[in-house]
Every structure is written in structure tokens, then in C-alpha cells.
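In my numbering, the protein residues as written are 3 to 113.
In what follows, a single structure is set out as C-alpha cells and then discussed.
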């Protein structure tokens, strides 16, 4: 499931994001891509939503939250906060979607 964010993720925007993510997870979606290409700013409240949702998704079978299209400023903030080692970040929505497909492939036995 891809959620494309359009606008700043601050204040009520963070609450709306949290509600939207909770809704899709309640509907059974466990593989989430959050496309932030059109989101110029994300607040600490928005980051909290992303971290909490990532933990919830990863607690489910095959679940995860992947981020796509982050601005350099957002990448810098995530790096300073030490979150790039925790969150999975991709340059584009397509790359994030494909990462789920790659994760599903079983290693080929050799021998």
C-alpha cells in the first residue's frame, strides 16, 4: 500500500498521517510505502508517527514501512537522529515497492 503525502507533516498533518496509517493497517495492509516526495517538512511528531508505525508493521508477518522520496533536508535530519540505521529509505516510490518484491525472493540453492 502506497501513501503519498502532499504537504507538510506538522501539527494536525502528523495526526492525519497517523490516522491514515492506522486505518490501512486495520484493513490488513502490512507492507507500507510512505512517499514523501511532496512533503517539504516533517516535524518531530511526524517522525514519531513513522517510527511507531514502523515498529507496529514489523511486528506483523512480512510487515514493514518503507520511506521514499525524502528531501536532502529530511535525510540529514534522519541521519543526525541516527534513524537511517532503523528506517528503510529509498530514492523513489518504485524502488521502495520493488524492495518488498526483492525481500520475498528465496535464495537460490547452489551446489
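Heads up, the beta-carbon is just placed ideally off N, CA and C, and yes, glycines get one too.
| query | result |
| --- | --- |
| For residue 34 versus residue 55, is the C-beta spacing smaller than 9 angstroms? | yes |
| Between which two residues does the alpha helix (DSSP H) containing residue 55 stretch? | 46-60 |
| From the DSSP output, which residues share a beta bridge with residue 72? | Beta-bridge pairing links residue 72 to no other residue. |
| Since residue 11 sits in a beta bridge, which residues does DSSP pair it with? | 44 |
| Is the beta carbon of residue 78 less than 9 angstroms from the beta carbon of residue 102? | no |
| Could you tell me which of 53, 97, 96 and 11 sits nearest to residue 84, measuring between CA atoms? | 53 |
| With distances taken from CA atoms, which of 104, 20, 7 and 9 is nearest residue 64? | 104 |
| Tell me whether residue 87 counts as near the ligand GTP, meaning its Cβ is closer than 8 angstroms to at least one heavy atom of that ligand. | Judged by which ligands are present, the structure shown has none, so any question about the ligand GTP falls away. |
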